[in-house]
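Line by line, the protein sequences give chains X and H.
Its first residue numbered 1, the first sequence is counted upward by one per residue in my numbering.
Its first residue numbered 1001, the second sequence is counted upward by one per residue in my numbering.
Glycine included, every Cβ here is placed at the ideal spot set by N, Cα and C.
What follows is a set of notes on a single structure, which appears directly below.
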Amino acid sequence: MAFEALISSILLWFGIYSILSLSLNVEYGYGGIPNFGKALAVLVGAFTAGAIVNRILIAMYSIEGATITQRSGFMKSTVDSIIASNPAYGIGLLTLTLLLAGVVGAVIGALYILPSAKLESDYLAITLLAIAEIMFMIAYYNTDLIGGYYGAPVPDVLAFIPGEMREWAFVALILFMTLVTYLFLERTLNSPYGRLLRAMREDPVALQFSGKDIMWIRIKTLAFSSAIASMAGVLYSFYAGNVVGVVNLFARVNWTFFPFLMVLLGGMSNNRGVLAGVLSFVVIWRLLDGYKHEIAELLNLPFDVNWLQYIIFGTLMIAILYYKPEGILREKPIETEPIKELKTKHSEKV
Amino acid sequence: MGVLEGAVIYANLLTLLAIGLTLTYITTSVPNFAQGSFAIFSSYIAYVIYKLFNFSPYFSIPFAVLFGGFIGVITYLLVLKPLIKREASILILMIATLAWDLILLGMIGIFSESLSKYFGAYISRFIFPYYLDFKIAGIQGIFFSSTFAIVLSLGFLMFLLYKTKFGIAMRASMENPSLAEIMGINVETTRLFSWFLSGAFAGLAGALLPFKQEIVQATGQIIIVSIFAASIVGGLSSIYGAIFGGYLVGLSESLITFWLSKIFGTSVLVYSKAVSLAILVITLLLIPGGLVTIKWRRYIWRSRH
Chain X
1 MAFEALISSI LLWFGIYSIL SLSLNVEYGY GGIPNFGKAL AVLVGAFTAG AIVNRILIAM
61 YSIEGATITQ RSGFMKSTVD SIIASNPAYG IGLLTLTLLL AGVVGAVIGA LYILPSAKLE
121 SDYLAITLLA IAEIMFMIAY YNTDLIGGYY GAPVPDVLAF IPGEMREWAF VALILFMTLV
181 TYLFLERTLN SPYGRLLRAM REDPVALQFS GKDIMWIRIK TLAFSSAIAS MAGVLYSFYA
241 GNVVGVVNLF ARVNWTFFPF LMVLLGGMSN NRGVLAGVLS FVVIWRLLDG YKHEIAELLN
301 LPFDVNWLQY IIFGTLMIAI LYYKPEGILR EKPIETEPIK ELKTKHSEKV
Chain H
1001 MGVLEGAVIY ANLLTLLAIG LTLTYITTSV PNFAQGSFAI FSSYIAYVIY KLFNFSPYFS
1061 IPFAVLFGGF IGVITYLLVL KPLIKREASI LILMIATLAW DLILLGMIGI FSESLSKYFG
1121 AYISRFIFPY YLDFKIAGIQ GIFFSSTFAI VLSLGFLMFL LYKTKFGIAM RASMENPSLA
1181 EIMGINVETT RLFSWFLSGA FAGLAGALLP FKQEIVQATG QIIIVSIFAA SIVGGLSSIY
1241 GAIFGGYLVG LSESLITFWL SKIFGTSVLV YSKAVSLAIL VITLLLIPGG LVTIKWRRYI
1301 WRSRH
C-alpha cells in the first residue's frame, strides 16, 4: 500500500470517527446514557443520502430503472456530470443532505431515547441495541429501501475536482467538518448544559430534586448528538460513493463498538481526550489494515489478519477498562464564563 | 424438516442458551454478550472432532460441552472477575463482554481458517448434513436429541439446585450474596460454577445447532439477539423465565415469520430475527421484569368475581 494512501486513509477515518466519537461522548461520556445502538444514527445519515436525497434526484431527472440500486447508479452518472461542470451544485447538494440528515437524525434520536423513560442501565442499553439491530436488519435485507446488501450509489459531491485530487479534497472537507464539530461541542459543553449532563450522569435523582426534567434533557441530548452522528454517516457515504459501507452486518462492531473503544481509550467526558483516543485507534487500525498482506506473509499466518485485528481491539478494550478506566486524558472541570473569570482574577491576585 | 419440527428444535436450543445467559446474570449480574460465541466456538470444536474421527457428530458432544464450560470459566476468571474486584459498573462489565465477544470472534476466525488449511478443506462454513443424523419414524434425530438435551440439562440443573447442598449454597448466593457469604458460603466458587454451567449449556447447544442451520464465524453475533430476547421476555432474573421465554421466542421466531411469509411472500423470511427483537423491545417497555413478574393470580381472581 502506498504511503500516501495510508496517510489519507488515516486522516479520513480520524475525521469520520472523531465526529462520531465526539457525539457519543456527549451521550455517554457527559450524559451517562448507554447508547449501545450508536450505529443507528450513522444509518440515518446513510439513509438520508441513499434513500431520501437519491429518490428526490431520481424524481427530478425522471430516471427509470428496475431497482433502487440501478436507478441510483444511472442518477449518479447524470448528477456527477452536472457537478463536474458546476461546483456550486455539488456543494449545495452536500449542504442540503447534511442539513436534512441533521433534521432526520434529531427526530429519530428523540424518538429512539423514549424507552429510557421506563428503563435504565443494562436494560436500557439492551433495548437501544435491539432497536438499532432491527433497523439495520430491515435496511440490509429489504433491497427496495436503500438497496440493502446491493447498496445504493450516491452522487460524488466533489466530482468537479480532478480524479487524483479527489481523495485529498475529501480529507480536507471531512477534517474541516471535524474541526467545526469539535469547536462547536467544546463551546456547547463548556456551559451550564455540560454541567447539567454531568449531573445527570452522576445522580439523576438529585437533578430531579432541583427541578430538572430528566426525560426532556435526554430527548434534547439524543436529538442533538444523533444529528451530529448522522452527518458523519452522510460524509462517509459520500466519500465511499455508496451506502454499502454503512448498511452491512458488521455495523455493531464498526459503528458502535469502535466509537465506544475510542471514547473510553481517550478519556470519557473530555473532548480533547476523545480526539487523542480516535487518533491512536485509527493509526493502529489503518496500519494493521494497510499492511495486512505483508504481516500475513512475514509471520506466515494461515488466516486473514482481520481476525487478529478483532482480538487486538477486544484485548485493548478490556485492558483500558482494567488498567486505565479514566483514559488517556482525565475529565476536567467545566469552564463556563464565570468560572473562567474567577480563574483569571485568581491568577491576577497571585 | 417440517416447519413445526424445525421450530421446536430451534426453541429447544435457544432455551438451552437462554438458561445459560440467565444463570450468569443471576449470579454475576452481567448480561453476557458473548453467549452466542460460546456456542459457535463449540460448534467448530464439534465439527473438527467429527472431521478428525469421522464418527457420528453426536460423538463430539462431550468435547463441545467441556470446551463450552472451559470458555465460560475463562470468561469469568480472565475478564469479569478482575473488573468486578475494581467495582466496575454494570455497563462497564457489559462493554467488557462485548469486547470479549469480539476476541472470541477473532479466535473463531483464526481457528477455522487455520484448520481449513490443515485439513485442506473449507471448514469456515459448515452444516451437519441430514444423512449423518439418525431417523425415527421419518423424523430427524435432532428433534429427539435436542429435546432430550434440554430435558436432561433441566433435570440436572433442578436436581443440582434443589436436591444438593451445593445447590442450596448456589441459590443462597443468587438470592443474597452478602448474606450467603456471612453464612460461610464461598460465593466465588458458586459464581465460577455458574459460569462453567452456562458455558457447558452453550457448548451443548453449539454441538447440536449445526444439524439445524449452517454455521459461519459470525453466527454467534446473529444468534445473541435471540438469546437476549428469550432471557428478557421471561425475566432476566429467573431460570423458569428463561425456559418460558426460550420457547416463546424460539417458536414465534420460526412460526410467526412462517405465517407472515404465507401472507406477504417468502421475502419476509429473512426478518425472523426482527420478530424476536420486536418481542424483546415490547416486553422491556411493557413488563421490564419479564413474564414471570406478572401476577397471574390477580387476573384469575378478577375473573371469578
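Nearest neighbour of residue i, chosen from the options [CA to CA]
i         : options                                       : result
X:Phe74   : X:Ser230, X:Asn54 and X:Ser85                 : X:Asn54
H:Leu1152 : H:Ser1116, H:Gly1072, H:Phe1201 and H:Ala1088 : H:Phe1201
H:Phe1038 : H:Ser1252, H:Gln1217 and H:Gly1246            : H:Gln1217
H:Phe1070 : H:Gln1035, H:Val1268 and H:Ile1224            : H:Gln1035
X:Met262  : X:Asp144, X:Gly314, X:Gly92 and X:Leu197      : X:Gly314
H:Leu1284 : H:Ala1229, H:Gly1265 and H:Ser1089            : H:Ala1229
X:Pro192  : X:Gly102, X:Gly147, X:Glu335 and X:Leu129     : X:Glu335
H:Ile1222 : X:Glu133, X:Trp13, X:Lys76 and X:Ile91        : X:Glu133
X:Ser226  : X:Ala296, X:Asn190, X:Leu98 and X:Arg187      : X:Leu98
X:Glu294  : X:Val305, X:Trp285 and X:Ile284               : X:Val305
H:Tyr1025 : H:Ala1278, H:Gly1199, H:Arg1125 and H:Leu1269 : H:Gly1199
X:Glu27   : X:Gly163, X:Gly90 and X:Asn270                : X:Asn270
X:Tyr61   : X:Ala152, X:Ala46, X:Arg330 and X:Ser77       : X:Ser77
H:Leu1132 : H:Ala1018, H:Phe1244 and H:Phe1055            : H:Phe1055
X:Met231  : X:Ala106, X:Ser85 and X:Ser9                  : X:Ala106
H:Phe1041 : H:Thr1266, H:Lys1051, H:Ser1272 and H:Gly1220 : H:Gly1220
X:Ala152  : X:Ala51, X:Ile318, X:Ile328 and X:Tyr141      : X:Ala51
X:Ala5    : X:Glu167, X:Phe303 and X:Ala240               : X:Glu167
H:Ser1226 : H:Ile1287, H:Ile1045, H:Leu1280 and H:Ser1237 : H:Leu1280
X:Ser121  : H:Phe1111, H:Ile1095, H:Glu1181 and H:Gly1290 : H:Ile1095
H:Leu1236 : X:Tyr323, X:Ile126 and X:Asn25                : X:Ile126
X:Val171  : X:Tyr112, X:Val103, X:Leu298 and X:Ile16      : X:Ile16
H:Val1275 : X:Ala130, X:Met317 and X:Ser85                : X:Ala130
X:Ile318  : H:Leu1091, H:Leu1021, H:Gly1020 and H:Gly1068 : H:Leu1091
H:Leu1269 : H:Ala1278, H:Ser1254 and H:Leu1277            : H:Ser1254
H:Ser1173 : H:Glu1188, H:Gly1290 and H:Tyr1162            : H:Glu1188
X:Ile217  : X:Tyr30, X:Arg252, X:Ser18 and X:Ala88        : X:Tyr30
Close-in-space but distant-in-sequence residues of the same chain around residue i (CB under 6 Å, 5 per side omitted)
i         : result
X:Gly32   : Arg201
H:Ile1049 : Ser1060 and Phe1063
H:Pro1210 : Ser1043, Ile1127 and Phe1128
X:Ile58   : Arg71 and Met75
Contacts around residue i, its chain only, beta-carbon distance under 7 Å, and the 5 residues preceding and following it disregarded
i         : result
X:Ser280  : Leu265
X:Ala110  : Ile219, Leu222 and Ala223
H:Tyr1247 : Ala1011 and Thr1015
X:Ala169  : Leu158 and Ile161
H:Ser1146 : Ile1009, Asn1012, Leu1013 and Leu1208
H:Trp1195 : Thr1024, Gly1072, Val1073, Thr1075 and Tyr1076
H:Ala1205 : Leu1013, Leu1016, Leu1017 and Ala1039
X:Gly102  : Ala227, Ser230 and Met231
X:Ala84   : Ala159 and Phe160
X:Val283  : Ile10
Beta bridge counterpart(s) of residue i as assigned by DSSP
i         : result
H:Gln1140 : H:Lys1135
X:Ile219  : Answer is none; X:Ile219 lacks a bridge partner.
H:Ile1215 : H:Phe1126
X:Asn242  : X:Pro153
Own chain partners of residue i with C-beta closer than 8 Å, once the 5 adjacent residues on each side are dropped
i        : result
X:Ile214 : Met200, Pro204, Leu207 and Gln208
X:Glu186 : Asn271
X:Thr67  : Thr143, Asp144, Gly147 and Tyr150
X:Pro333 : Ile339
X:Leu100 : Thr48, Ile52 and Val53
Closer than 9 Å at the beta carbon, the chain C residues around residue i
i         : result
H:Ser1114 : Protein chains X and H are contained in the structure displayed, whereas chain C is not.
Practice item. Name, going along the chain, the residues of the region 276-307 of chain X whose beta-carbon falls closer than 8 Å to a beta-carbon of chain H. Key: From the region 276-307 of chain X, only Pro302, Phe303, Asp304, Asn306 and Trp307 have a Cβ closer than 8 Å to chain H.
Exercise for review: Select from the region 1090-1111 of chain H all residues with a C-beta closer than 7 Å to any C-beta belonging to chain X, and list them in chain order.
Suggested key: Within the region 1090-1111 of chain H, the residues whose Cβ lies closer than 7 Å to some Cβ of chain X are Ile1090, Leu1091, Ile1092, Met1094, Ile1095, Ala1096, Leu1098, Ala1099, Trp1100, Leu1102, Ile1103, Leu1105, Gly1106, Met1107, Gly1109 and Ile1110, listed in chain order.
Practice item. Please list the residues of the region 114-147 of chain X that have a C-beta atom closer than 7 Å to any C-beta atom in chain H, keeping them in chain order. Key: Taking 7 Å as the Cβ-Cβ cut-off against chain H, the residues of the region 114-147 of chain X that qualify are Pro115, Lys118, Leu119, Ser121, Asp122, Tyr123, Ala125, Ile126, Thr127, Ala130, Ile131, Glu133, Ile134, Met137, Ile138 and Tyr141.
Practice item. Could you name the residues of the region 311-335 of chain X whose beta carbon sits closer than 7 Å to any beta carbon of chain H, in the order they occur along the chain? Key: Listed by position along the chain: Ile311, Phe313, Gly314, Thr315, Met317, Ile318, Leu321 and Tyr322.
Review point. Listed from N- to C-terminal order along the chain, which residues in the region 1208-1229 of chain H have their beta-carbon within a distance smaller than 9 Å of any beta-carbon of chain X?
Key: Contact residues of the region 1208-1229 of chain H toward chain X are Gln1217, Ala1218, Gln1221, Ile1222, Val1225, Phe1228 and Ala1229 (C-beta to C-beta distance below 9 Å).
**Study point:** Contacting positions in the region 1260-1292 of chain H - beta carbon closer than 7 Å to chain X
**Key:** Taking 7 Å as the Cβ-Cβ cut-off against chain X, the residues of the region 1260-1292 of chain H that qualify are Val1270, Tyr1271, Lys1273, Ala1274, Leu1277, Ala1278, Leu1280, Val1281, Leu1284, Leu1285 and Pro1288.
Point to revise | Contact list for the region 26-44 of chain X against chain H, Cβ threshold 7 Å | key: Within the region 26-44 of chain X, those residues whose Cβ lies closer than 7 Å to any Cβ of chain H are, in chain order, Pro34.
Point to revise | Every unbroken alpha helix (DSSP H) within the region 1184-1236 of chain H, with a cutoff of 4 residues, ordered by chain | key: Annotation note: the region 1184-1236 of chain H contains the following uninterrupted alpha helix (DSSP H) runs of length 4 or greater, listed N- to C-terminal: 1187-1212 and 1219-1234.
Practice item. Only counting runs of 4 or more residues, tell me where the alpha helix (DSSP H) segments fall wholly within the region 3-57 of chain X, in order along the chain. Key: Fully enclosed alpha helix (DSSP H) runs of 4 or longer: 3-24 and 39-47.
Check your understanding: If contact means a Cβ-Cβ distance below 9 Å, which residues of the region 247-268 of chain X contact chain H?
Key -> Going along the region 247-268 of chain X in chain order, one finds Leu249, Phe250, Arg252, Val253, Thr256, Phe257, Phe260, Leu261 and Leu264 with a Cβ nearer than 9 Å to chain H.
Check your understanding: In the region 155-226 of chain X, which residue ranges form an unbroken alpha helix (DSSP H) of at least 4 residues, counting only runs that do not cross its ends?
Key -> Qualifying alpha helix (DSSP H) stretches, in chain order: 163-189, 192-202 and 204-209.
**Study point:** Chain-ordered residues of the region 1035-1054 of chain H with a beta carbon less than 8 Å from chain X
**Key:** Answer in chain order: no residues at all.
Exercise for review: Any chance you could list the alpha helix (DSSP H) runs of at least 4 consecutive residues sitting entirely within the region 63-106 of chain X, in chain order?
Suggested key: For the region 63-106 of chain X, whole alpha helix (DSSP H) runs of length 4 or above, ordered along the chain, are 68-85.
Check your understanding: In the region 1066-1090 of chain H, which residues sit with their C-beta less than 9 Å from some C-beta in chain X, listed in chain order?
Key -> Under the 9 Å Cβ criterion, the region 1066-1090 of chain H contributes Leu1078, Val1079, Pro1082, Leu1083, Arg1086, Ala1088, Ser1089 and Ile1090.
Practice item. Run through the region 233-316 of chain X for me and flag every whole alpha helix (DSSP H) of 4 or more residues, listed as ranges in chain order. Key: Taking only runs of at least 4 residues, the alpha helix (DSSP H) segments lying wholly in the region 233-316 of chain X are 258-266, 271-290 and 292-298.
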